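Data first, discussion second: the structure below is written as C-alpha cells.
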Amino acid sequence: MNLTGFMQLYVFMLAAFVGYQIITRVPPLLHTPLMSATNAISAISLVGSLVAAGSDRGMVSTILGFVAVTAATINMVGGFVITDRMLKMFRREPATPKVDPAAAAKPEATK
Amino acid sequence: MNLTGFMQLYVFMLAAFVGYQIITRVPPLLHTPLMSATNAISAISLVGSLVAAGSDRGMVSTILGFVAVTAATINMVGGFVITDRMLKMFRREPATPKVDPAAAAKPEATK
Amino acid sequence: MREIFTQVTYLVASVLFILGLRSLTKPDTARRGMQYAAIGMLLAIVGTLVQHEIVRYDWIIGGLILGTIIGIPLGTQVPMTAMPQRIAISHMFGALAATLVGIAEYWLHGAELGSAKMAAVGFEVLFGALTITGSFMAFGKLQEIITGRAVTYKGQNAVNITLFGVTLLMFGYLIVHPENAVVFYSMIALALMIGVFMVLPIGGADMPVVISLLNSYAGLASAATGFAIGNNVLIIAGALDGASGFILSIVMSKAMNRSFQNVIFGAFGAAPTVSTKTASGLSVRSISAEDAAIQLAYAKLVIIVPGYGMAVAQAQHQVRELAELIEKKGGEVKYAIHPVAGRMPGHMNVLLAEANVPYDRLYDMDEINGEFERADVALIIGANDVVNPAARNDKSSPIYGMPILNADKAQNVIVLKRSMNPGFAGIENELFYNDKTSLLFGDAKASLSKLVTEMKTV
Amino acid sequence: MREIFTQVTYLVASVLFILGLRSLTKPDTARRGMQYAAIGMLLAIVGTLVQHEIVRYDWIIGGLILGTIIGIPLGTQVPMTAMPQRIAISHMFGALAATLVGIAEYWLHGAELGSAKMAAVGFEVLFGALTITGSFMAFGKLQEIITGRAVTYKGQNAVNITLFGVTLLMFGYLIVHPENAVVFYSMIALALMIGVFMVLPIGGADMPVVISLLNSYAGLASAATGFAIGNNVLIIAGALDGASGFILSIVMSKAMNRSFQNVIFGAFGAAPTVSTKTASGLSVRSISAEDAAIQLAYAKLVIIVPGYGMAVAQAQHQVRELAELIEKKGGEVKYAIHPVAGRMPGHMNVLLAEANVPYDRLYDMDEINGEFERADVALIIGANDVVNPAARNDKSSPIYGMPILNADKAQNVIVLKRSMNPGFAGIENELFYNDKTSLLFGDAKASLSKLVTEMKTV
Ligand SMILES: NC(=O)c1ccc[n+]([C@@H]2O[C@H](COP(=O)([O-])OP(=O)(O)OC[C@H]3O[C@@H](n4cnc5c(N)ncnc54)[C@H](OP(=O)(O)O)[C@@H]3O)[C@@H](O)[C@H]2O)c1
Ligand SMILES: NC(=O)c1ccc[n+]([C@@H]2O[C@H](COP(=O)([O-])OP(=O)(O)OC[C@H]3O[C@@H](n4cnc5c(N)ncnc54)[C@H](OP(=O)(O)O)[C@@H]3O)[C@@H](O)[C@H]2O)c1
Chain A
1 MNLTGFMQLY VFMLAAFVGY QIITRVPPLL HTPLMSATNA ISAISLVGSL VAAGSDRGMV
61 STILGFVAVT AATINMVGGF VITDRMLKMF RREPATPKVD PAAAAKPEAT K
Chain B
112 MNLTGFMQLY VFMLAAFVGY QIITRVPPLL HTPLMSATNA ISAISLVGSL VAAGSDRGMV
172 STILGFVAVT AATINMVGGF VITDRMLKMF RREPATPKVD PAAAAKPEAT K
Chain C
223 MREIFTQVTY LVASVLFILG LRSLTKPDTA RRGMQYAAIG MLLAIVGTLV QHEIVRYDWI
283 IGGLILGTII GIPLGTQVPM TAMPQRIAIS HMFGALAATL VGIAEYWLHG AELGSAKMAA
343 VGFEVLFGAL TITGSFMAFG KLQEIITGRA VTYKGQNAVN ITLFGVTLLM FGYLIVHPEN
403 AVVFYSMIAL ALMIGVFMVL PIGGADMPVV ISLLNSYAGL ASAATGFAIG NNVLIIAGAL
463 DGASGFILSI VMSKAMNRSF QNVIFGAFGA APTVSTKTAS GLSVRSISAE DAAIQLAYAK
523 LVIIVPGYGM AVAQAQHQVR ELAELIEKKG GEVKYAIHPV AGRMPGHMNV LLAEANVPYD
583 RLYDMDEING EFERADVALI IGANDVVNPA ARNDKSSPIY GMPILNADKA QNVIVLKRSM
643 NPGFAGIENE LFYNDKTSLL FGDAKASLSK LVTEMKTV
Chain D
681 MREIFTQVTY LVASVLFILG LRSLTKPDTA RRGMQYAAIG MLLAIVGTLV QHEIVRYDWI
741 IGGLILGTII GIPLGTQVPM TAMPQRIAIS HMFGALAATL VGIAEYWLHG AELGSAKMAA
801 VGFEVLFGAL TITGSFMAFG KLQEIITGRA VTYKGQNAVN ITLFGVTLLM FGYLIVHPEN
861 AVVFYSMIAL ALMIGVFMVL PIGGADMPVV ISLLNSYAGL ASAATGFAIG NNVLIIAGAL
921 DGASGFILSI VMSKAMNRSF QNVIFGAFGA APTVSTKTAS GLSVRSISAE DAAIQLAYAK
981 LVIIVPGYGM AVAQAQHQVR ELAELIEKKG GEVKYAIHPV AGRMPGHMNV LLAEANVPYD
1041 RLYDMDEING EFERADVALI IGANDVVNPA ARNDKSSPIY GMPILNADKA QNVIVLKRSM
1101 NPGFAGIENE LFYNDKTSLL FGDAKASLSK LVTEMKTV
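Protein chains in written order, with the numbering used here: chain A, 1 to 111; chain B, 112 to 222; chain C, 223 to 680; chain D, 681 to 1138.
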C-alpha cells in the first residue's frame, strides 16, 4: 500500500469522525431533510462520472460515463431541490396566512 | 503546489473540524486537564525530532535533533503524567477517607 | 495551473459540504447551509470540467440535461408522503453512478490497476451493485410494485450466506489477480443478486431501516470511488453519507428497540406471523364525529398523536385546520411526535411542517410524555404501535420494551383509524379497548374534515 | 514493509489522540481516554524508530532519557497552583522542538526545499520561535521572575508592527529564494524578538489568555512541521492543539467580556492605570473568625465562591474541611465556580478536585446564580472581580458587562481576603462595602484553619 493510499485513509478516518459528530447532533425534527441532504451531497460522484464520460477513452467508457452522469445529476438536482423544499417548510412562528410556494403545491395548504 | 500538499491541506482542514467540535464540548470542569492533555499530545513532534537526531546527517542535525528530542520528551512524559494526575483527582461520589496517591502529595489531603 | 484550480474547488466543496450538514443541527440555519453545499457542488463540477483529460463535452452535456429533466420533477413533484420510496430510489441512482465509474475504471486499466486500486474498485462495485438492486427492491416494496410482505423460504439464510461467501472469495481472488475480467464481472452479477435476496425477506414496513443501511453502503461505495480515482472530496462526501445512514439506522432500531439482526433476518413486519393477543371478548366504543367535535371543543389541552395513518391519508392539512379551530375555542394544542411514528425518521415532522405547523409545537417523546395526565383529550390520528401499552406491560409482545407515548394517561382518547386492523407491528392494541378510548372510524382525512365542519357548528 | 508498519502506527496514533481528547468531554471517561492517547504516542515512537533513515540511537536514547528525567518531576511535583506557569513553559519546549526540527530541515536541504516546503518550514520556525520566547516571558511573569506589570513605552506598537512587517517580508522573500540562509536565520532571530515584545506589554494576570494563544501557535508550528516533513499525525495533533488553544482563549475573553485586541494591546491588568472608583467615605465591617463560624454553623445553605486567592493561599484542603464541618452541623454546601475564577480555565475545579471535593458539588455560573437568594451565607474565599457588582451596574467600570456570580444576592456575605487590595482587574468592589458583607481579614489558609477550629467548638 503506497503513501497516497495512507493519505486517503487519513482523510476517510477524519471525515468519518466529522460525520459522526455532526449527524449525532442533528435533531429528529430534521432527520428526513438530513436523508435527502446526504443524497444530494452523494451526487458528488459526478466528478468521477464526468471524467469517464468526457475523456474520450473508447465508446464503452463514454457510455458508462454518460449513464453515470445522468444518474448522479438526477440525485444532485432532485436532492438539493427537495431538501430545500422541505427546509423551507420548517417554520418557528405561527403559520402565516399568505400563500407560500412550497405549500402552494397542495391546495389545502393555502387555506 | 503538488498533490500531496493538497492531501495535507485536507487532513489539516478535517482535523481542525474534529478539534473544534470536540473542544467546544469539553466542560469547563476539565479545561485545565484539557490544556495539559493537548500539551502532552503536541509532544508528537518527537517523530520529527527522532529522525533528525538519528539519521546521522552531520553533527549539526544530530545535535539539533538531540535537543528537540529532549524538549519533546519533557512534554510527553510531563504532560501525560500531570494530566493523569489531575484526572485521577476528579471524583463523583463523596470523597473517601482512604489516603489517595495524588492527594497524598499534600499532607492536608490525607485528613 | 488548471490542476491547482481543480484541487482548490474540491477542497472548498468539501468544506461547504461539511458546513452544510452541520447547518442541519439547527432548523434556522439549515436552509442557508444546504444552499452553500449546493454551491460547493457546482464549484466541484466546474473544477472537474476544466481538467485536461476532458476533451469531449457532448455526452457530458447530454447526461447533465437528461439528469436535470428527470431530477426536477423528482424534487418538486414527489409528495412528502412518498419520501421513503423517493429516498430509496435515489440511493439506487447514486450507487449506479459509483458502480459504472468503477466498471469504466476496470475496463480501461484492468490488470494495471494493481492490488491496492483493485481493492478500492472492488469495494466500489460490490457495495455499489448490491445497493442498486437492494434499493430498487426497497423502492418496489414501498411503492407496492412488489409485495410488501416478507418473502421467506426454507434454507433462505443458507443461500444468502453462500452467495455472500462466494462473492467475497472472488473479491479476494481479484485483489491477487486483477487481470481476470470474468471473475470481476461475475462478482458484480453476484452482488446484484445479493441485493435482491437481502431485501426480499424483509417486510415493507421495515424498509426504512434497510434504506438507511443501504444509504451507508452507497456512501461507502462513493468513498471507495474516491480511493480508486484518488479524489478526496469523494472520500469525504462518502464518509459523511455513510455515517449518516449508519447512525439513522441505529436511531431507528433503538426507538423500535430491535437489533440489526432482528431487522435483517427477523422477517418482522410480516403481520400474521407475530400477532400475539387477539381481541376476543373485548369490545370497542365507537364515536360520532359530532360527539368527538364537542369533546374537542371543550377541551383545555388536546395532545395530537400523529402516526403512519396520517401519512397514508395525507391528512396533515386537515390536522392543522382542526388544531386552529380548537385554539379558536380556547383550547391548547400540542403535537406528540414519536421518534419512529410513520415510516421514516422525522416523517411526521416534515408532514406537519408542510401543513405550516410551526415546529416549536412539535414535542419529542421525552418532552411531552409527562403532559398526557394534564391532557383532556389525546387525539390519535392513524397512530397505533407508538401508543401501544403492550410495549410497557406485555412481556410476550414483540414490541415489549419499545418506548411509547403515554396517550393512555390522558383523560379521554379519541382514535382515528379505518378499521380494527393492526399497525406495522401487526399486533392488537389494548388502548383501543380502554374505557376512556373511543374510536372514530374512517379514513383520517375524511374523519378530520367531518370534525372540522362539526367544530364550526359547535 | 517497515514503511507500512510505521504508517500504520501513525494512523492508529492519530485515532487514539482524537479519541483521547474526545474522552475529555466526560469526567468519567477522561482518564482512560488519555491513557489510550499515551499508548498511541508510544506506538508512533516505535513506528518512527524502526524506520530505515534512523541509523544511530546514541543521541536519541540520550535525549529520551534526559527528557524523561526532567519530565517526571514536571509531571509529579508541580503543585496545582502552579499550573499556569507549568503550561506556559511546556509550550516553550514544544515550540523549541518544532523550531529545531525546522532548522535541521533547512540546514540539510536549504535551497532544494522548493517554495512549497520552504513555506511550510518558514511557518514552522516563525510560529515556533515566537512561541519559544513568548511562552518563556509568560512563564517568567507568572513565576514573577519578570515583573508581572505590563511594561509599556512610547511608540511600542509602532516598534512591534515594524518588527512584524519586516519578518513577514523576509518570509515572503525566502519562499522565492529558499537558498538565502542569512535571511532565514535573521528571520528566526526577529521572530524570537517578536515573542518577547509581544508579551512584554501584557499584565501578568492576562497571561492565561496569552498562554492559550501561544498554545494555538505551538499547535500551528507542529502542524507546519507535519507539512514540511510530510507527516499526517503531526498535522492532526497540531490542528487539535491549535483548535484547543484558540477556543480556550475565546472562552476566556468572552467570560471576561473583552476582545483579543483588548487583551493583546490593552495593557490591562496594570492596576494603577485603570482603578476607577475609590472607596472614599465607604467603610467596611470586619468580622472575627468566631462570629463567622457561628454564622456558618447555623446556616442552612452555604455557597462557597472560591477565587484566585484560594489558589494563592493553597487553601483548597481547608475549604473542604470547613465544608464538611458545615454539613456535620446540618447545613448544605455548594460551590459556585465562575468560568474565569482564578488564573486559568478550570483553575478552581482542579484545585477543589485535588482536595477531594466531588465534582458534582461544583456548579457553573448559570446553574448556581439562581440559588444565591436562598443562601444564608455566601462565603467568598479570595474571589473579587468575579463577584463585583460593578460588572452589572457601573458602565464606567472596565469589567462592565462581564457576567458575574450574584453573591450579593445572598442573605449574608463573608469575604476572606488579606487586605483591601483590589483583584486582577485592579478596581474597587462595592460588595465589600455592602451592609450584609463582613470581611475576615488574613491569608485564606490561616483564616480557614481558624474557622475550622472555631466550628469544632461551636
Ligand atoms: N418512523 C420510522 O423510522 C420507522 C421505520 C420502520 C418501522 N417503523 C414502524 O412503524 C410503526 C409506526 O407506528 P405508527 O403508530 O406511526 O403507525 P402504525 O403502528 O403502523 O399504525 C398505523 C395506523 O394507522 C391506521 N391507518 C392506516 N391508514 C389510515 C388512513 N388512511 N386513515 C386513518 N387511519 C389509517 C392503521 O389502522 P387502519 O388500517 O385500521 O386504518 C394503523 O392502526 C412503528 O411500529 C415503527 O416501529 C417506523
Ligand atoms: N481564570 C482565567 O482563565 C483567567 C484568565 C485571565 C484573567 N483572569 C482574571 O482573573 C480574575 C479572577 O477573579 P477572582 O475573583 O478569582 O480573583 P481576583 O479578582 O484576582 O481577586 C483575588 C482576590 O484574592 C485575594 N487574595 C489574594 N491572595 C490571597 C490570600 N493568600 N489569602 C486570601 N485572599 C487572597 C485578593 O485580595 P487581597 O490581596 O486583599 O488578599 C483579591 O481580592 C478575573 O478578573 C479574571 O478576569 C482569569
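The beta-carbon is built from N, C-alpha and C at its ideal position, and this holds for glycine as well. The structure displayed is predicted, hence computed values, not measured ones.
Under the three-pair Cβ rule at 8 Å, the segment 119-128 of chain B does not count as touching the segment 661-673 of chain C. Under DSSP, the beta-bridge partners assigned to I525 of chain C are C:K556, C:A600. Rounded to the nearest whole angstrom, the C-alpha separation of L701 of chain D and W281 of chain C is 49 Å. Contact between F646 of chain C and D607 of chain C is confirmed by a C-beta separation of about 6 Å, below the 8 Å threshold.
The Cβ of A15 of chain A sits closer than 7 Å to at least one Cβ of chain B.
Taking 7 Å as the CB threshold, M7 of chain A lines the interface with chain B.
The C-beta separation of M873 of chain D from V863 of chain D comes to about 15 Å, leaving the pair out of contact by the 8 Å criterion. For V158 of chain B, the closest Cβ of chain A is not nearer than 7 Å.
The alpha helix (DSSP H) runs of length 4 or more contained entirely in the segment 601-650 of chain C are, from start to end of the chain, 612-615. Chain-order list of chain B residues neighbouring I240 of chain C: F128, by C-beta distance under 7 Å. The beta carbon of Y121 of chain B falls within 7 Å of a beta carbon belonging to chain C, placing the residue at that interface. Shown here, L962 of chain D sits in coil according to DSSP, grouped into three states, outside any helix or strand.
With a threshold of 6 Å, the Cβ atom of P423 of chain C does not count as near ligand 1, since no heavy atom of the ligand is closer than that.
A Cβ of chain B is located within less than 7 Å of the beta carbon of N454 of chain C.
Of the candidates A:D84, A:A72, A:M86, A:A72 places its Cα closest to the Cα of G48 of chain A.
The shortest C-alpha to C-alpha distance from D513 of chain C to any of C:A326, C:V277, C:V680 is the one to C:V680. With a cutoff of 6 Å, D1123 of chain D counts as near ligand 2, since its C-beta is closer than that to a heavy atom of the ligand. Not one heavy atom of ligand 1 falls within 6 Å of the beta-carbon of P138 of chain B. Distance between I367 of chain C and A450 of chain C, taken at the CA atoms: about 36 Å.
By the Cβ neighbour-count rule, D84 of chain A is buried, with 16 or more other Cβ atoms within 10 Å of its own. Spanning the alpha carbons of L364 of chain C and R938 of chain D requires a straight line of approximately 57 Å. The three-state secondary structure of Y833 of chain D, taken from DSSP, is coil. With a threshold of 7 Å between beta carbons, L3 of chain A makes no contact with chain C.
In terms of beta-carbon proximity, N479 of chain C stays away from the interface with chain A, with every pair separated by 7 Å or more.
Residue range 1042-1044 is occupied by the beta strand (DSSP E) that includes Y1043 of chain D. DSSP, read as helix, strand or coil, puts F1121 of chain D in strand.
Using a CB distance cut-off of 7 Å, M89 of chain A counts as an interface residue toward chain C. Minimum Cα-Cα distance from G54 of chain A among the listed residues A:F66, A:I82, A:I44 corresponds to A:F66. Annotation note: the segment 284-354 of chain C contains the following uninterrupted alpha helix (DSSP H) runs of length 4 or greater, listed N- to C-terminal: 305-331. Residues of chain A whose Cβ lies closer than 7 Å to the Cβ of Q687 of chain D are, in chain order, F6.
Put simply, the backbone Cα of V373 of chain C is about 56 Å away from that of Y1039 of chain D. I469 of chain C has its alpha-carbon roughly 10 Å from the corresponding atom of K476 of chain C. In this structure, G604 of chain C has its beta carbon less than 6 Å from a heavy atom of ligand 1.
A straight line joining the alpha-carbon of V579 of chain C with that of A778 of chain D spans about 57 Å. Annotation for R1023 of chain D indicates a beta carbon within 6 Å of some heavy atom of ligand 2. The C-beta of M146 of chain B comes closer than 7 Å to at least one C-beta of chain D.
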